[in-house]
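Take any residue in the sequence shown, note its place counting from 1, add 113, and you have its number in this note's numbering.
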Amino acid sequence: MSGNWEKAYSRGSGGRRREKEAPVVVRSVEVSFHVKLREYTTIGIGGAADRMAFPRSPAQVREVVLAEGAAGREVRVLGAGSNLLVADGGVSATVLCTRKHLSKVVFLSDETVVVEAGVMLPRLAVLCALSGLSGMEPLSGIPGTVGGALSMNAGAYGQSIGERVEWVEVVDPGGEIHRIEARAIRFGYREAEYPVRGIVVRAGFRFVPGTRETVFEQMRQMNERRRSRQPWGERTFGSTFRNPREGKEKAAQLLERAGMKGEREGDACFSVKHANFLVNQGCATAADVRRLMSRGQSAVRVSCGVLLVPEVKMWGEFDV
Numbered sequence: 114m115s116g117n118w119e120k121a122y123s124r125g126s127g128g129r130r131r132e133k134e135a136p137v138v139v140r141s142v143e144v145s146f147h148v149k150l151r152e153y154t155t156i157g158i159g160g161a162a163d164r165m166a167f168p169r170s171p172a173q174v175r176e177v178v179l180a181e182g183a184a185g186r187e188v189r190v191l192g193a194g195s196n197l198l199v200a201d202g203g204v205s206a207t208v209l210c211t212r213k214h215l216s217k218v219v220f221l222s223d224e225t226v227v228v229e230a231g232v233m234l235p236r237l238a239v240l241c242a243l244s245g246l247s248g249m250e251p252l253s254g255i256p257g258t259v260g261g262a263l264s265m266n267a268g269a270y271g272q273s274i275g276e277r278v279e280w281v282e283v284v285d286p287g288g289e290i291h292r293i294e295a296r297a298i299r300f301g302y303r304e305a306e307y308p309v310r311g312i313v314v315r316a317g318f319r320f321v322p323g324t325r326e327t328v329f330e331q332m333r334q335m336n337e338r339r340r341s342r343q344p345w346g347e348r349t350f351g352s353t354f355r356n357p358r359e360g361k362e363k364a365a366q367l368l369e370r371a372g373m374k375g376e377r378e379g380d381a382c383f384s385v386k387h388a389n390f391l392v393n394q395g396c397a398t399a400a401d402v403r404r405l406m407s408r409g410q411s412a413v414r415v416s417c418g419v420l421l422v423p424e425v426k427m428w429g430e431f432d433v
């Protein structure tokens, strides 16, 4: 596959790389070149990726991993881009996007549901509710994918996705697919440690029986609360920093106490509605965001004696 990717650059261009390439299909894996990652992140910021692959199955994920590994190219995984800051200079890597095609959900005869990594959490929550299954309500307002959630044990309202996991399938760097039972995974606060390093492609969950009406009402209440307290509908990557393990104050409270609520760098701003949400209010750059994050960390360290740890992942090179 890798060799064909390189050939795709020169089609119809006399051997020269075009500034922008149309999507191509190589060995059934859809591939695009020079992709603007800001179009794939919820905060709407970031430079380009050299290549982006859109696998349709775990087997195609394996194909991409093997081909790019053989070519010595780095592979990075992108779900919904809701917890990601990409540098303005982009990344020299092959980005594997799960959201477009890895979207199958299968309900088995019991309360077990098999879900591919690219399924959005709100969609899974609605499908569970329609099937009379409870357990996804707290996660129904998180704009992320199942794969992304499993990689960091995403959660809300005192519940995390790891509590519902039966097993997880990952593709390791050598292209092997492993099914890992939940008991072998160490789920912690906003982290998950797997015995095998790899890309999450599919998982099995077990939920509990409920009624459609009750589950939908719980989802409505939780998301109404979320809308009232967070900058709903604005361009943001969600929580900027993790809540400290020690102490009762959360990251938002510490940032507000340090005077960072509403502070800005360029078009990047700590939300006046929720200080731990950093918002792109126009044409913010990744450099703006990174400088503002650094200012927030410094202010909290000086005012509160606490070092805030970023929850958001960062791709590429930053000066700060």
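Glycine is no exception: its CB is placed at the ideal position from the N, C-alpha and C atoms.
Enclosing alpha helix (DSSP H) for residue 327 [first to last residue]: Within the sequence shown, the letter at position 214 stands for residue 327. 325-342 is the extent of the alpha helix (DSSP H) around residue 327.
Integer-rounded CB distance, given that residue 316 should sit under 8 Å from residue 284: Locating residue 284 in the sequence shown gives position 171, where the first residue counts as 1. Locating residue 316 in the sequence shown gives position 203, where the first residue counts as 1. Incorrect: roughly 13 Å between the Cβ atoms, too far for contact.
Run of the alpha helix (DSSP H) containing residue 401, from where it starts to where it stops: Position 288 of the sequence shown holds residue 401. That run of the alpha helix (DSSP H) goes 399-417.
Residue 343, buried or exposed, once every other Cβ within 10 Å from all chains shown has been counted against 16: Walking along the sequence shown from the start, residue 343 turns up at place 230. Flag for residue 343 reads buried.
DSSP state of residue 305 mapped onto helix, strand, coil: Looking up residue 305 in the sequence shown gives position 192. Of the three classes helix, strand and coil, the one that applies to residue 305 here is strand, per DSSP.
Residue 314 beta carbon less than 8 Å from that of residue 215: For the purposes of this step, residue 215 is taken as residue 102 along the sequence shown, with counting starting at 1. For the purposes of this step, residue 314 is taken as residue 201 along the sequence shown, with counting starting at 1. Cβ atoms of residue 215 and residue 314: closer than 8 Å.
Beta-carbon contacts of residue 409 that lie in its chain and below 6 Å, excluding the five residues immediately before and after: Here the question's residue 409 lines up with position 296 in the sequence shown. The answer, listed in chain order, is 368 and 373.
Residue 264 in three-state terms, based on DSSP: Mapped onto the sequence shown, residue 264 falls at position 151. Helix, per DSSP.
4-residue-minimum alpha helix (DSSP H) runs that sit fully inside the region 186-252, ordered along the chain: 234-243
C-beta contact flag for residue 207 and residue 164 at 8 Å: Numbered from 1 along the sequence shown, position 94 holds the residue referred to as residue 207. Numbered from 1 along the sequence shown, position 51 holds the residue referred to as residue 164. Yes.
Through-space distance from residue 335 to residue 134, alpha-carbon basis: Here residue 134 refers to the residue found at position 21 when the sequence shown is read from its first residue. Here residue 335 refers to the residue found at position 222 when the sequence shown is read from its first residue. Low local confidence applies: a pLDDT of 47 at residue 134 is under 50, so the model's placement there is unreliable, and no value is given.
Extent of the continuous beta strand (DSSP E) run through residue 317: Here residue 317 refers to the residue found at position 204 when the sequence shown is read from its first residue. Residues 312-319.
Minimum C-alpha distance to residue 262 - residue among 371, 247 and 237: As a working mapping, residue 262 is identified with position 149 in the sequence shown. Nearest C-alpha to residue 262: 237.
Cβ-Cβ distance between residue 329 and residue 246 below 8 Å: Here the question's residue 329 lines up with position 216 in the sequence shown. Here the question's residue 246 lines up with position 133 in the sequence shown. Not in contact: residue 329 and residue 246 (Cβ atoms no closer than 8 Å).
Sequence-distant residues of its chain with Cβ nearer than 6 Å to residue 301 (five each side left out): What you label residue 301 is simply residue 188 of the sequence shown in a count that begins at 1. Hits under 6 Å: none found.
Buried/exposed call for residue 251, threshold 16 Cβ in 10 Å: The sequence position of residue 251 within the sequence shown is 138, counting from 1. Its Cβ being crowded by 16 or more others within 10 Å, residue 251 is buried.
DSSP three-state assignment for residue 369, whether helix, strand or coil: Counting from 1 along the sequence shown, the entry for residue 369 is found at position 256. Here residue 369 sits in helix by DSSP.
Assigned secondary structure, residue 391 (DSSP; H/G/I helix, E/B strand, else coil): For the purposes of this step, residue 391 is taken as the residue at position 278 of the sequence shown. Strand, per DSSP.
Own chain, CB closer than 6 Å to residue 173, minus 5 neighbours either side, in chain order: Here residue 173 is taken as the residue at index 60 of the sequence shown, counted from 1. If we look at residue 173 and ignore the five residues flanking it on each side, its Cβ neighbours are 142.
Length of the line joining the Cα atoms of residue 414 and residue 224: Start at 1 with the first residue of the sequence shown, and residue 414 comes out as number 301. Start at 1 with the first residue of the sequence shown, and residue 224 comes out as number 111. So the alpha carbons of these two residues sit roughly 46 Å apart.
Cutoff 6 Å; reference residue 169; Cβ partners in own chain excluding five residues on either side: Stepping through the sequence shown from its first residue, residue 169 is reached at position 56. Correct list, in chain order: 214.
Proximity test, residue 432 beta-carbon vs the ligand MN heavy atom, cut-off 7 Å: The ligand MN is absent from the structure shown, which contains no ligand whatsoever.
With 16 other Cβ atoms within 10 Å as the buried cut-off, status of residue 171: Indexing the sequence shown from 1 puts residue 171 at position 58. Burial call: buried.
Given 8 Å, three or more beta-carbon pairs between the region 424-431 and the region 197-204: yes
Cutoff 6 Å; reference residue 352; Cβ partners in own chain excluding five residues on either side: As a working mapping, residue 352 is identified with position 239 in the sequence shown. 389 and 424.
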